[in-house]
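Protein chains in written order, with the working numbering: chain A, 2 to 136; chain B, 2 to 136.
Since the structure comes first, as structure tokens, the remarks are kept for the end.
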DNA sequence: TTACAAATCGTAATGATTACGATAAAATAA
DNA sequence: TTATTTTATCGTAATCATTACGATTTGTAA
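Laid out in structure tokens, this is it:
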């Protein structure tokens with residue numbers, strides 16, 4: 002998802018356009034990386050000195066709720082990245098820098114059979130390690 | 002892993018046998034379920050009134066470190082269960098009760114090819130939903 | 001049984017996240 | 001443009017899981 006699509010989505014859902022929101026979206030759209038609330042705060046602080054935690058977390062959750070961001074937990078902290086809106090896939094995630102690489106093999110197809118009596122509502126398949134740059 | 006194996010493992014590694022440790026191990030060995038630190042505390046409290054957080058968390062981490070427990074994160078909380086020591090597999094995890102069901106299809110085999118330049122050190126494949134009893 | 005290391009207690013500190021009343025800013029209508 | 005309303009943000013305190021630590025107790029091995 003790009004910046005413009007995200008802004009339009011927000012507007013369509015009745016949320017207001019603010020400079021902070023635009024900058025938050027730019028921050029995430031610039032890279033295929035999982036980042037923390039603190040990473041975002043560090044990025045915002047120079048331009049918006051005194052920005053509140055409330056603003057950071059409220060927007061992260063809002064963006065996740067409306068589908069602008071996706072989230073995962075890495076070592077006890079929530080991490081966020083721009084939502085991938087093309088075909089279903091999974092990610093390799095670098096433990097150091099959070100960069101992601103798409104994995105286009107999804108194991109679920111062959112598994113639903115095994116779980117007939119369970120009500121599946123989501124699954125997580127992630128691979129962790131170091132990307133070439135961080136090795 | 003059963004209670005006896007776990008106690009022997011602890012002893013072999015030079016850790017002391019205490020009533021609390023035995024009870025913690027019993028707690029986990031009784032079910033195929035992910036439980037939180039708080040679940041464990043609730044279980045221990047009646048028998049050991051005033052048991053310290055330190056004891057709960059220290060032992061959870063120790064047991065994870067020596068391979069008695071395995072761990073995952075569900076809604077921002079660490080969950081623990083008895084380590085499965087037989088063949089590599091994954092789990093379906095019930096979001097309500099934490100019960101697990103083994104999944105014997107591992108997607109990794111077919112994926113390493115795609116990630117030649119990455120240093121893979123672990124992967125997580127979990128399916129979430131409701132077990133038959135919780136539906 | 002003694003002595004020492006390890007385990008536990010009681011409680012405070014930490015760190016991420018959430019919450020909230022007061023204020024400011026964006027959108028909408030007049 | 002101005003007024004009005006609604007949402008966003010600030011500043012800061014509260015919460016919740018987890019970690020840390022000095023003092024005390026308990027296993028264990030000599």
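Every residue gets a Cβ at the ideal spot worked out from N, C-alpha and C, and that includes glycine.
Predicted model, so just to flag it, every value in this text is computed and none were measured.
**Q.** Environment of residue 134(B) [buried if 16+ CB atoms lie within 10 Å]
**A.** By the neighbour-count definition (other C-beta atoms within 10 Å, threshold 16), residue 134(B) is an exposed residue.
Q) Thinking just about the alpha-carbon of each residue, which of 49(B), 31(B), 60(B) is nearest to the one in residue 22(B)? A) Nearest option by C-alpha distance: 60(B).
Q) Are the stretch 20 to 40 of chain B and the stretch 50 to 60 of chain B in contact at 8 Å, needing three or more beta carbon pairs? A) Verdict: yes, contact present.
Q. For the stretch 53 to 68 of chain A, which residues have a CB atom closer than 8 Å to at least one CB atom of chain B, in sequence order?
A. none
Q. So, residue 108(B) versus residue 93(B), is the Cβ gap smaller than 8 Å?
A. no
Q) Buried or exposed: where does residue 101(A) fall if 16 or more other Cβ atoms within 10 Å of its Cβ makes it buried? A) buried
(Q) Can you confirm whether the stretch 4 to 17 of chain B touches the stretch 62 to 81 of chain B when touching is taken to mean that 3 or more C-beta pairs between the two stretches lie within less than 8 Å? (A) yes
Q: Given a cut-off of 8 Å, decide if residue 37(B) and residue 89(B) are closer than it, judged by their beta-carbon atoms.
A: No.
Q: Answer with yes or no whether the minimum CB distance from residue 39(A) to chain B is below 8 Å.
A: Chain B places no beta carbon closer than 8 Å to that of residue 39(A), leaving this residue out of the contacts.
(Q) Distance check for residue 78(A) and residue 113(B), CA to CA, integer angstroms please. (A) Approximately 27 Å, taken between the alpha carbons.
Q: Closer than 7 Å by beta-carbon distance: list the chain B residues that pair up with residue 120(A), in chain order.
A: 130, 131, 136
Q) Quick one: complete alpha helix (DSSP H) runs, 4+ long, within the stretch 2 to 77 of chain A? A) 4 to 13, 20 to 30, 38 to 45, 54 to 67
Q | chain B residues whose Cβ lies nearer than 7 Å to that of residue 108(A) | A | 106, 108, 126
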